[in-house]
Amino acid sequence: MAHSSLHGSRGPRAVAGVAMLLLVGGLSGCASVQSWMPSAPSMRWLPSWAGGDKKLAPLAEIRDSAISVQWTANAGSPKLFMFSPSVSDKVIFTAAHDGTINAIEEQGGKSIARIDAKAKLTGGIGAAENIVVVADTRGQVLAFDAAGRSLWKTPLDGEILAAPVVSQSTIVVRTADGRMFALNRTDGKRRWVFTRATPPLTLRTGAGVAINRGIIYAGFPAGKVVAVELESGRPVWEATISLPRGSTELERVADVAGVPVLDDTRVCAAVYQGRTGCVETLNGNALWTRDISSSDGVAVDAKNLYVADTDGNMNALDKTSGSTVWKQDKLVKRDLGTPIIVKGRILVGDRVGFVHAIAPDSGELVGRVATDGSRVLSLVVNGDRAIAQTERGGVFAIAVR
8 MAHSSLHGSR
18 GPRAVAGVAM
28 LLLVGGLSGC
38 ASVQSWMPSA
48 PSMRWLPSWA
58 GGDKKLAPLA
68 EIRDSAISVQ
78 WTANAGSPKL
88 FMFSPSVSDK
98 VIFTAAHDGT
108 INAIEEQGGK
118 SIARIDAKAK
128 LTGGIGAAEN
138 IVVVADTRGQ
148 VLAFDAAGRS
158 LWKTPLDGEI
168 LAAPVVSQST
178 IVVRTADGRM
188 FALNRTDGKR
198 RWVFTRATPP
208 LTLRTGAGVA
218 INRGIIYAGF
228 PAGKVVAVEL
238 ESGRPVWEAT
248 ISLPRGSTEL
258 ERVADVAGVP
268 VLDDTRVCAA
278 VYQGRTGCVE
288 TLNGNALWTR
298 DISSSDGVAV
308 DAKNLYVADT
318 DGNMNALDKT
328 SGSTVWKQDK
338 LVKRDLGTPI
348 IVKGRILVGD
358 RVGFVHAIAP
368 DSGELVGRVA
378 TDGSRVLSLV
388 VNGDRAIAQT
398 ERGGVFAIAV
408 R
């Protein structure tokens with residue numbers, strides 16, 4: 008059962024790597040399942056070397072690529088955490104585990120400022136007008152202004168893997184134990200805490216939240232998507248994309264992967280070891296689901312939903328009915344990430360450092376660029392380009408034509 012409260016009491020957990028399954032809820036200590044991970048299915052949050060035994064099919068040459076690298080920069084090592092860039096006021100902000108926050112000019116990739124957070128950082132970065140927000144290994148949320156001056160520091164007593172999300176007056180932060188916190192943007196004071204019980208075994212992910220028209224949308228274990236009022240933390244509705252299935256706790260892991268994606272009428276998400284589907288934005292009523300498992304999020308455009316399944320196929324589904332439009336199978340075993348859409352192209356990164364461009368109408372591969380040979384941790388939209396951040400700390404601006 009989910010509820011909102013003014014206080015939370017669960018302690019922090021040790022960081023064991025973003026991609027691992029984690030035993031949570033009612034356990035003492037911070038038990039992980041690394042000792043029996045060989046029986047677990049593949050998850051793309053593992054470092055690129057973890058999938059090294061997978062033989063990849065050669066990629067066909069693309070003579071006239073629809074994408075190209077515009078500039079490169081370096082953010083520093085993420086150390087197994089899912090760091091993702093954030094864009095605000097024509098500046099790209101990146102963060103690294105060693106505490107370095109870098110502000111990069113979006114046109115040429117020049118570093119225009121560096122901030123030392125004086126802490127080991129654990130997740131992505133949230134940025135908006137004159138505020139940059141990160142989280143550290145002690146479960147603290149740290150806020151700085153654009154000049155690098157500390158604004159405030161708020162302890163949350165929980166491991167923070169997801170990037171904080173900055174709205175007009177509120178910062179929303181998720182902890183790995185199933186809680187969401189709303190903090191005042193000006194001083195970091197807690198406004199409310201939303202708590203939802205978690206099953207014994209869940210994925211360790213850096214999935215954040217989506218905010219639209221005063222409502223927060225977040226995915227949870229057991230295939231749940233929850234809508235919560237931003238102002239009060241009151242639950243609006245809870246929807247089930249996919250129910251857990253299987254006889255063991257490992258088989259019954261069914262976490263919503265990535266951030267739910269929404270338009271005016273629907274919220275869509277994918278579930279690891281589960282289904283992909285959409286529900287109504289207004290009330291959470293189910294619209295459709297398909298038996299497609301994914302370890303990452305989805306993308307939508309005016310017509311379709313796009314999702315990479317756990318085998319590495321990219322699937323296009325009709326957004327209204329869920330019926331298959333096309334399936335691209337030439338990227339199997341590449342542990343594809345969450346796709347994004349830029350200038351009418353679908354872009355997706357893989358575990359060996361390639362970013363692929365796909366035509367949304369046909370599923371044809373129309374472009375490819377290489378980064379630095381390590382996993383593409385994240386892709387974000389920056390106008391007519393994409394910004395990629397890799398496992399080795401590379402930052403790449405990718406132009407789309």
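Sequential numbering of the sequence shown, starting at 8, is according to the working numbering.
The beta-carbon is built from N, C-alpha and C at its ideal position, and this holds for glycine as well.
If you're wondering where the values come from, they're calculated on a predicted model, not measured in any experiment.
What separation, rounded to the nearest whole angstrom, lies between the Cα atoms of glutamate 398 and serine 385?
9 Å
Take the Cβ of arginine 252 as the centre, count every other Cβ of all protein chains shown within 10 Å, and call the residue buried at 16 or more, exposed below.
Exposed: under 16 other Cβ atoms inside 10 Å.
May I have the straight-line CA-CA distance separating leucine 190 from leucine 63, to the nearest angstrom?
45 Å
DSSP bridge partner residues for tyrosine 313 (one or two, in chain order):
Ala306, Ala323
Which of the three DSSP states is assigned to proline 162 in this structure?
strand
Taking the alpha carbon of threonine 101 as the reference point, which residue from Gly115, Ser84, Gly360 has its own alpha carbon closest?
Ser84
Look at arginine 282 and threonine 296 and say whether their C-beta atoms are less than 9 Å apart.
Yes.
Measuring alpha carbon to alpha carbon, tell me which residue in Ala393, Val383, Asn389, Val387 is nearest phenylalanine 88.
The option with the nearest alpha carbon to phenylalanine 88 is Val383.
Going straight from the alpha carbon of alanine 142 to that of isoleucine 222, what length do you get?
So the two alpha carbons sit approximately 23 Å from each other.
Three or more C-beta pairs below 8 Å linking the region 286-294 and the region 302-312
Too few Cβ pairs lie closer than 8 Å, so no.
State yes or no: is the C-beta of valine 76 within less than 9 Å of the C-beta of phenylalanine 403?
When the beta-carbon positions are compared, valine 76 and phenylalanine 403 come within less than 9 Å of each other.
Expressed to the nearest angstrom, what Euclidean distance is found between the alpha-carbon atoms of aspartate 336 and glutamate 371?
The alpha-carbon separation between aspartate 336 and glutamate 371 amounts to approximately 10 Å.
My output table needs one value for isoleucine 248: the three-state DSSP class, helix, strand or coil.
Isoleucine 248: coil per DSSP, three-state reduction.
What residue from Val179, Val339, Asp368 has the CA that sits closest to glycine 356's CA?
Val339
Residue range of the unbroken beta strand (DSSP E) whose run includes leucine 189
First, the residue type needs correcting, since residue 189 is alanine and not leucine in the sequence shown. Residues 186-191.
For my contact list, valine 278 and glycine 215 are in at a C-beta cut-off of 8 Å; report their separation, rounded to the angstrom.
Incorrect: roughly 17 Å between the Cβ atoms, too far for contact.
Kindly indicate which three-state DSSP category asparagine 389 falls into: helix, strand or coil?
Strand at asparagine 389.
Out of curiosity, what's the CA-to-CA distance linking valine 359 and arginine 241?
42 Å
Based on the DSSP output, what are the partners of leucine 372 in its beta bridges?
Ile365
Would DSSP call valine 40 helix, strand or coil?
Below a pLDDT of 50, predicted positions are generally treated as unreliable, and valine 40, at 33, falls in that range; no measurement from the model is reported.
Please state whether DSSP places glycine 221 in a helix, a strand or coil.
coil
Just to confirm my understanding: we take alanine 366, look at its own chain, exclude 5 residues before and 5 after, and list those with CB closer than 6 Å. What are they?
Val373
Bridge-paired residues (DSSP) for glycine 265:
DSSP, once it has assigned bridges, lists no residue as partnering glycine 265.
Okay, do the region 178-186 and the region 199-216 touch, 3+ Cβ pairs below 8 Å being the bar?
In short, these stretches touch, since the Cβ pair count reaches three.
Give a yes or no on contact between the region 161-179 and the region 110-126, applying the rule of three or more CB pairs nearer than 8 Å.
no
Per-residue burial, arginine 341 [other beta carbons within 10 Å of its own, 16 or more giving buried]:
buried
Which residue marks the beginning of the beta strand (DSSP E) containing isoleucine 167, and which one marks its end?
No beta strand (DSSP E) holds isoleucine 167; DSSP gives it neither H nor E.
Close Cβ partners of alanine 415 (< 6 Å) along its chain, the five nearest in sequence each way excluded
Here the chain has residues from 8 to 408 only, and residue 415 is not among them.
Look up alanine 73 in the DSSP assignment and say whether it is helix, strand or coil.
Coil.
Under a three-way DSSP split, which group does glutamine 280 fall into?
coil
Does the beta-carbon distance from leucine 163 to threonine 182 come in below 9 Å?
yes
Tell me which residue opens and which closes the beta strand (DSSP E) that phenylalanine 151 is part of.
147-151
Pair within 9 Å by beta-carbon distance, glycine 116 and alanine 80:
yes
DSSP three-state label for leucine 384, please.
strand
Kindly list the residues whose CB is nearer than 6 Å to the CB of valine 388, restricted to its own chain and excluding five residues on each side of it in sequence; keep chain order.
So the qualifying residues of the chain are Ile347, Val349.
If you reduce the DSSP assignment to three classes, tell me which class proline 242 lands in.
strand
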